[in-house]
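Visitor:
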Amino acid sequence: MNCSRTNGASTILTKQSAASVLKAINGNVAATSASRPAFILLQRQCVEPRRQFSTTRKTHFNRSNNLLWKEVFPAKEESEHIHKTPAAWPHPMYTDEQMHAVVVAHREAKTFSDKVAMTMVRILRWVLDLATGYKHSHAVKLNEKDPQAAMNKYGMTERKYMIRNIFLESVAGVPGMVGGMLRHLHSMRRMKRDNGWIETLLEESYNERMHLLTFLKMAEPGWFMRVMVLGAQGVFFNAMFVSYLISPKTCHRFVGYLEEEAVLTYTREIEDIDAGKLPKWEKLQAPDIAVQYWNMPEGHRTMRDLLLYIRADESKHREVNHTLGNLDQHNDPNPYVSNYKEPGKPHPTKGIEYPRPSGWEREEII
Ligand SMILES: [Fe+2]
Ligand SMILES: [Fe+2]
276 MNCSRTNGAS TILTKQSAAS VLKAINGNVA ATSASRPAFI LLQRQCVEPR
326 RQFSTTRKTH FNRSNNLLWK EVFPAKEESE HIHKTPAAWP HPMYTDEQMH
376 AVVVAHREAK TFSDKVAMTM VRILRWVLDL ATGYKHSHAV KLNEKDPQAA
426 MNKYGMTERK YMIRNIFLES VAGVPGMVGG MLRHLHSMRR MKRDNGWIET
476 LLEESYNERM HLLTFLKMAE PGWFMRVMVL GAQGVFFNAM FVSYLISPKT
526 CHRFVGYLEE EAVLTYTREI EDIDAGKLPK WEKLQAPDIA VQYWNMPEGH
576 RTMRDLLLYI RADESKHREV NHTLGNLDQH NDPNPYVSNY KEPGKPHPTK
626 GIEYPRPSGW EREEII
């Protein structure tokens, strides 16, 4: 397999192309799954991918920026004595069928705490839309009146999607780390067992950071994006810290709703690739960091495949956080690392073999 980039791919997004307005939100991504074989784990070395675009013009980059990139992405993995540093949490294997079975879903907000969480996500979504120029509802309205005008004004391009993905992933790794950290400190402070929650929360934040690092191999954020990420992390970390101390249940529900949005966004990206609206992503290959982390099999290493893996991860976060939001925060064991008395019966696992988009109810698993 040739893993090199084509010239066309390497010049991607040097200027915004006209793009179509998004019409379909839900549904038909499963159409191609039946014809695809289950994955076989294979590893290979690819040519180092070139980044697809920069949100800052190249001429604006100075020496310190370049040094920063080298620190984040070291040129070589091996040192004099170390061959490789593998992922701290190896990623569970997903089959092609499982990833195509992921659906957009919403858990109804039933309690007061659920409604608070839902409102917070709506506010955050509004801010994110404002920051990244993502105006789907406006686009749909204008599309009903004048499709061409809607395409010109609101069409999502590869560049707009990538900016959104980077911003989204830069904050997505915060809640798991805050939750894990606070439960770790609580366990030591109160001299009580944690019942296995900490590792799952830290693993989630690790997984989100891998999403971010993958996208950063494909795009170089400019100074404006960096400032936005810095500010967002500062605000979001502190807000999550205080909120998790007050009501961890609400925080898990909040993350569950946030992940519903992430699944929706990645579903739209996959649908737009399938609809031919993102031509520069059609033949684009996933970077090495992604191939190694997800064990992407040969022949399944395109941008579309990558988005399928990431969307499946987000669906898992959606399920995990809705489930944790249903549990007794202080006494219940983490159902994702527990051994079950009836192991043959569907139950929460690290993989996506038993998907539950709105989470497992407490009485089903505890
Ligand atoms: Fe993510
Ligand atoms: Fe996520």
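So for the sequence shown, this note's numbering puts the first residue at 276; every next one is plus one. Note that CB positions come from ideal geometry on N, CA and C, so glycine has one too. Since we're looking at a predicted model, the values are computed, not measured.
Kindly provide the ranges of any alpha helix (DSSP H) runs that are 4 or more residues long and lie completely inside the stretch 447-512, ordered along the chain.
Guide: Entirely contained in the stretch 447-512, the alpha helix (DSSP H) runs reaching 4 residues are, in chain order, 449-465, 472-491.
Visitor: Could you compute how far the alpha carbon of D588 sits from the alpha carbon of K416?
Guide: Translated into the one-based positions of the sequence shown, residue 588 becomes position 313. Translated into the one-based positions of the sequence shown, residue 416 becomes position 141. Computed Cα separation, rounded: 31 angstroms.
Visitor: Along the chain, where does the alpha helix (DSSP H) containing Q604 start, and where does it finish?
Guide: Here residue 604 refers to the residue found at position 329 of the sequence shown. Run containing Q604: none; DSSP gives neither H nor E here.
Visitor: Are there any heavy atoms of ligand 2 lying less than 8 angstroms away from the beta-carbon of E594, as far as the coordinates show?
Guide: For this step, residue 594 is matched to residue 319 along the sequence shown. For ligand 2, not one heavy atom lies less than 8 angstroms from the Cβ of E594.
Visitor: Using only CA atoms, which one of F516, W498, V391, E536 lies nearest to V444?
Guide: As a position in the sequence shown, residue 444 is number 169, starting the count at 1. The question names Val, yet the displayed sequence has Glu at residue 444. Comparing Cα-Cα distances from E444 to each of F516, W498, V391, E536, the minimum goes to E536.
Visitor: Give me the Cα-Cα distance between L491 and G497, rounded to the nearest whole angstrom.
Guide: Here residue 491 corresponds to residue number 216 of the sequence shown, with the count starting at 1. Here residue 497 corresponds to residue number 222 of the sequence shown, with the count starting at 1. The alpha-carbon atoms of L491 and G497 are separated by roughly 11 angstroms.
Visitor: Smallest Cα separation from T624: which of Y369, A363, H356?
Guide: As a first step, residue 624 is located in the sequence shown; it is residue number 349 there, counting from the start. The option with the nearest alpha carbon to T624 is Y369.
Visitor: Under the three-state reduction of DSSP, which class applies to T540: helix, strand or coil?
Guide: On the sequence shown, residue 540 is found 265 positions in, with the first residue counted as 1. Looking at T540 - three-state DSSP - the assignment turns out to be helix.
Visitor: Using only alpha-carbon positions, find the residue among L583, M426, G574 that is nearest to I545.
Guide: Translated into the one-based positions of the sequence shown, residue 545 becomes position 270. Of the candidates L583, M426, G574, the one whose C-alpha sits nearest the C-alpha of I545 is L583.
Visitor: Please determine, among P621, W635, N606, the residue with the shortest C-alpha to C-alpha distance to H597.
Guide: Here residue 597 is taken as the residue at index 322 of the sequence shown, counted from 1. It is W635 whose Cα lies nearest to the Cα of H597.
Visitor: Is I585 near ligand 1, judged by its Cβ being under 8 angstroms from some heavy atom?
Guide: As a working note, residue 585 is residue 310 in the sequence shown. I585: yes, Cβ under 8 angstroms from ligand 1.
Visitor: Give the straight-line distance between the Cα atoms of L602 and E534, rounded to the nearest whole angstrom.
Guide: Indexing the sequence shown from 1 puts residue 602 at position 327. Indexing the sequence shown from 1 puts residue 534 at position 259. Distance between the alpha carbons of L602 and E534: 18 angstroms.
Visitor: Is A447 near ligand 2, judged by its Cβ being under 8 angstroms from some heavy atom?
Guide: Position 172 of the sequence shown, counted from the first residue, corresponds to residue 447. Because some heavy atom of ligand 2 lies under 8 angstroms away, the Cβ of A447 counts as near it: yes.
Visitor: Less than 8 angstroms separating the Cβ of A507 from some heavy atom of ligand 2?
Guide: Working through the sequence shown from its first residue, we reach residue 507 at position 232. Not under cutoff, so the answer is no.
Visitor: Quick check on the burial criterion: 16 or more other C-beta atoms within 10 angstroms. Buried or exposed for W556?
Guide: Locating residue 556 in the sequence shown gives position 281, counting from the first residue. W556 should be labelled buried.
Visitor: Helix or strand or just coil, what does DSSP make of T624?
Guide: Taking the first residue of the sequence shown as position 1, residue 624 is located at position 349. Looking at T624 - three-state DSSP - the assignment turns out to be coil, as it is neither helix nor strand.
Visitor: Does the distance from the C-beta atom of L553 to that of Y436 stay below 9 angstroms?
Guide: Within the sequence shown, numbered from 1, the residue matching residue 553 stands at position 278. Within the sequence shown, numbered from 1, the residue matching residue 436 stands at position 161. Closer than 9 angstroms, so yes.
Visitor: Quick one: what's Q560 bridged to in DSSP?
Guide: Numbered from 1 along the sequence shown, position 285 holds the residue referred to as residue 560. BP columns for Q560 point to T577.
Visitor: Pick helix, strand or coil for I521, following the three-state DSSP scheme.
Guide: By one-based count along the sequence shown, residue 521 stands at place 246. In the structure shown, I521 sits in a helix (DSSP, three-state: H, G or I).
Visitor: So, G593 versus P562, is the Cβ gap smaller than 9 angstroms?
Guide: The count along the sequence shown starts at 1 and reaches residue 593 at position 318. The count along the sequence shown starts at 1 and reaches residue 562 at position 287. Going by the sequence as given, residue 593 is Arg instead of Gly. No.
Visitor: Please state if the CB of G626 and the CB of A392 are separated by a distance shorter than 9 angstroms.
Guide: As a position in the sequence shown, residue 392 is number 117, starting the count at 1. As a position in the sequence shown, residue 626 is number 351, starting the count at 1. Against a cut-off of 9 angstroms, the Cβ pair of G626 and A392 comes out as no contact.
Visitor: Given a cut-off of 9 angstroms, decide if G454 and S613 are closer than it, judged by their beta-carbon atoms.
Guide: Looking up residue 613 in the sequence shown gives position 338. Looking up residue 454 in the sequence shown gives position 179. It is not a contact, given that the beta carbons lie outside the stated cut-off.
Visitor: Is F512 near L457, with beta carbons less than 9 angstroms apart?
Guide: Counting from 1 along the sequence shown, the entry for residue 512 is found at position 237. Counting from 1 along the sequence shown, the entry for residue 457 is found at position 182. Not a contact, by the Cβ cut-off of 9 angstroms.
Visitor: Could you spell out where the alpha helix (DSSP H) holding N427 opens and where it closes?
Guide: As a working mapping, residue 427 is identified with position 152 in the sequence shown. It spans 422-429 - the alpha helix (DSSP H) in which N427 sits, taken as one unbroken run.
Visitor: Closer than 8 angstroms: is that where the CB of N482 sits relative to any heavy atom of ligand 1?
Guide: As a working mapping, residue 482 is identified with position 207 in the sequence shown. N482 Cβ: within cutoff of ligand 1.
Visitor: Hey, V377 and R586: beta-carbon distance below 9 angstroms or not?
Guide: Residue 377 sits at position 102 when you count from the first residue of the sequence shown. Residue 586 sits at position 311 when you count from the first residue of the sequence shown. Yes, these two residues count as a Cβ contact at 9 angstroms.
Visitor: Closest by CA to H622, which one among N606, P608, E639?
Guide: In the sequence shown, residue 622 corresponds to position 347, counting from 1. Cα-wise, what sits closest to H622 is E639.
Visitor: Rounded to whole angstroms, what is the Cα-Cα separation between H366 and L581?
Guide: Taking the sequence shown and counting its residues from 1, the one referred to as residue 366 is at position 91. Taking the sequence shown and counting its residues from 1, the one referred to as residue 581 is at position 306. The straight-line gap from Cα to Cα measures roughly 14 angstroms.
Visitor: Out of curiosity, what's the CA-to-CA distance linking M426 and L403?
Guide: Numbered from its first residue, the sequence shown carries residue 426 at position 151. Numbered from its first residue, the sequence shown carries residue 403 at position 128. Roughly 21 angstroms separates the two Cα atoms.
Visitor: Applying the criterion that 16 or more other CB atoms from any shown protein chain within 10 Å of the CB defines a buried residue, is K591 buried or exposed?
Guide: Your numbering for residue 591 matches position 316 in the sequence shown. Result: buried.
Visitor: Find the nearest neighbour of M578 within the set H605, N418, Q604, D549, judged by alpha-carbon distance.
Guide: Here residue 578 is taken as the residue at index 303 of the sequence shown, counted from 1. Among H605, N418, Q604, D549, the Cα nearest to that of M578 belongs to D549.
Visitor: Below 8 angstroms on the Cβ atoms is my guess for E474 versus A447; work out the distance and round it to an integer in Å.
Guide: Position 199 of the sequence shown holds residue 474. Position 172 of the sequence shown holds residue 447. Not really, about 18 angstroms apart at Cβ, beyond 8 angstroms.
Visitor: Taking the continuous alpha helix (DSSP H) assigned at H375, which residues delimit it?
Guide: Sequence index remark: in the sequence shown, residue 375 carries index 100 (1-based). Counting along the chain, the alpha helix (DSSP H) containing H375 begins and ends at 371-375.
Visitor: According to DSSP, is E636 part of a helix, a strand, or is it coil?
Guide: What you label residue 636 is simply residue 361 of the sequence shown in a count that begins at 1. It is coil, neither helix nor strand.
Visitor: Can you tell me which of the three DSSP states K298 falls into?
Guide: Here residue 298 refers to the residue found at position 23 when the sequence shown is read from its first residue. With a pLDDT of only 38 at K298, under the threshold of 50, the placement of this residue in the model should not be trusted; the figure read from the coordinates follows. The answer is coil: DSSP assigns K298 none of H, G, I, E or B.
Visitor: Within its chain, find whatever has a CB closer than 6 angstroms to the CB of I641; leave out the 5 residues flanking it on each side and keep chain order.
Guide: Indexing the sequence shown from 1 puts residue 641 at position 366. Closer than 6 angstroms at Cβ, skipping near neighbours: D607.
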